[in-house]
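Note sheet for the following structure.
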Amino acid sequence: MEPLMTASDQAKTLRDLQQLASSRREEKRAAGKAPRVIAVTSGKGGVGKSNVVANLAVEMSRRGRKVLVLDADLGLANVDILLGLAPVGHLGDVVSGNRDIDDIILHGPEDVDVLPAASGMSEITTLTEAQKGRLLVALDRLKSRYDTLLVDTGAGISSNVIFFAGGAHEVVVVVNPEPTALADAYAVIKVLRNRREIQRFQLLVNSVRQSSAAQVVHERLERVAERFLDVDIQLLGHVYYDQAVQKAVMGQEPVVLRFPSAPASRCLAQLAQRLDMMEAPEGQEGRFWEQLTEDGVSV
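Using the numbering used here, read the sequence shown as starting at 9 and increasing by one per residue.
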């Protein structure tokens, strides 16, 4: 359980957040741009979202990016497992004030760094505003080290998903061809559009038997979303159903490393290349950091 904050702790957190908000408005990064933030989300669990994140991180790192994965699937974390890593701490320790964020960073394959979340801890599945503030201050210290931040959000439309995806430069929505996954993807897009005014989404269709299935899913979702939500849903691409993926998961190794020639691996490499070449929408270069700061200060 999170220790109760004293009045002085609350005041200090507020002062830290206010100073951070001021610095974000006043300064442009002297050492260059803040990291590009890509949030990967889904309307329902079980569509392969975290596995996509783990493999995209490896592929983007191979392309010369310095990648940090933020496992924001709080309470049901598994990015560390998929990468064969053993955490010595987790984000729950950071937001509770018990550990420094540097103490929990894991160094994974291909120089990918991971901030692991906790698994089975219901008390952090919905972050309090004080916890968000602590996490914000901690994350701000890391951003000069990385040029890409991949955020693995939880599935669904919880407040945590809105918090982490709300300021990303790109929001990747992972679905599979099942009708329920499509309906739930529409729900998360609707919430992010209404709550965060996000107007551009990247659709990744996972576990397809043929590429035309991804086109069908995209057309269905795009048709409804354009009519009722006024959003642009772009088809980022697809990943083939491939038994090599399950074998790699069982071995706790990214499929792009264990079976680099597998159809799924080739798809993931192409997706990483497309994401890497995308430019942030105009005016959103520092949106993640600014929006999180504003959220933390305004509550």
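For every residue, glycine included, the Cβ atom is placed at its ideal position computed from N, Cα and C.
Taking the straight line between their C-alpha atoms, what separation do you get for residue i and residue j?
{"i": "Arg73", "j": "Gly92", "result": "21 Å"}
{"i": "Ile241", "j": "Glu178", "result": "11 Å"}
{"i": "Gly174", "j": "Glu230", "result": "20 Å"}
{"i": "Glu287", "j": "Leu243", "result": "16 Å"}
{"i": "Arg37", "j": "Asp148", "result": "With a pLDDT of 43 at Arg37, under the threshold of 50, the modelled position of this residue cannot be trusted; read the value that follows with caution. Distance between the alpha carbons of Arg37 and Asp148: 12 Å."}
{"i": "Ile6", "j": "Gln139", "result": "Since the first and last residues shown for the chain are 9 and 307, residue 6 lies out of range."}
{"i": "Ala39", "j": "Pro185", "result": "Residue placement at Ala39 cannot be trusted, given a pLDDT of 49 that sits under 50; what the coordinates show is reported in the next sentence. Computed Cα separation, rounded: 43 Å."}
{"i": "Ala233", "j": "Val196", "result": "11 Å"}
{"i": "Arg208", "j": "Val239", "result": "6 Å"}
{"i": "Gly105", "j": "Leu114", "result": "19 Å"}
{"i": "Leu277", "j": "Ala256", "result": "Just to set this straight, residue 277 is Ala in the shown sequence, not Leu. Cα-Cα distance, rounded: 16 Å."}
{"i": "Tyr194", "j": "Arg228", "result": "10 Å"}
Once the 5 residues before and after residue i are set aside, which same chain residues still bring their CB inside 8 Å of it?
{"i": "Ile112", "result": "Pro95, Val96, Gly97, His98, Leu99, Asp101, Val102, Leu123, Pro124"}
{"i": "Asn168", "result": "Ala80, Leu82, Thr133, Thr134, Leu135, Thr161, Gly162"}
Where do the ends of the alpha helix (DSSP H) carrying residue i lie?
{"i": "Val309", "result": "In this structure the chain extends from 9 to 307, so residue 309 is not present and cannot be described."}
{"i": "Arg282", "result": "271–285"}
{"i": "Glu137", "result": "137–148"}
{"i": "Thr188", "result": "187–204"}
{"i": "Asp79", "result": "Run containing Asp79: none in the alpha helix (DSSP H); it sits in the beta strand (DSSP E), 75–80."}
Do residue j and residue i have their beta-carbon atoms positioned less than 8 Å apart in this structure?
{"i": "Leu158", "j": "Val77", "result": "yes"}
{"i": "Val75", "j": "Asp121", "result": "yes"}
{"i": "Phe172", "j": "Ala62", "result": "no"}
{"i": "Arg201", "j": "Ile170", "result": "no"}
Could you give the first and the last residue of the continuous beta strand (DSSP E) run that contains residue i?
{"i": "His226", "result": "Note, His226: premise wrong, no beta strand (DSSP E); alpha helix (DSSP H) at 219–236."}
{"i": "Asp240", "result": "240–248"}
{"i": "Ser215", "result": "208–216"}
Can you find the residues in the same chain that come closer than 7 Å, C-beta to C-beta, to residue i, ignoring five residues on each side of it along the sequence?
{"i": "Ala280", "result": "Leu64, Glu67, Met68, Arg71"}
{"i": "Val225", "result": "Val183, Pro185, Leu190, Val213"}
{"i": "Ala270", "result": "Asp250, Ala252, Val263"}
{"i": "Leu308", "result": "Nothing about residue 308 can be read from this structure; the chain reaches only from 9 to 307."}
Is residue i near the ligand PLP, going by C-beta to nearest heavy atom under 7 Å?
{"i": "Val213", "result": "This structure simply doesn't include the ligand PLP, nor any ligand for that matter."}
Taking buried to mean at least 16 other C-beta atoms within 10 Å of its own C-beta, is residue i buried or exposed?
{"i": "Arg142", "result": "buried"}
{"i": "Asn214", "result": "buried"}
{"i": "Phe267", "result": "buried"}
{"i": "Ser219", "result": "exposed"}
{"i": "Gln254", "result": "exposed"}
{"i": "Tyr248", "result": "buried"}
{"i": "Ser152", "result": "exposed"}
{"i": "Gly56", "result": "buried"}
Under 6 Å Cβ to Cβ from residue i, same chain only, skipping five residues before and after it: list those, please.
{"i": "Tyr154", "result": "Pro43, Lys74, Leu76"}
{"i": "Lys52", "result": "Ala163, Ala189, Asp192"}
{"i": "Ala222", "result": "Val213, Val216, His246"}
{"i": "Arg86", "result": "Note that residue 86 is Asn in the sequence shown, not Arg. The residues are Ser58."}
{"i": "Glu118", "result": "Val66, Ser69, Arg70"}
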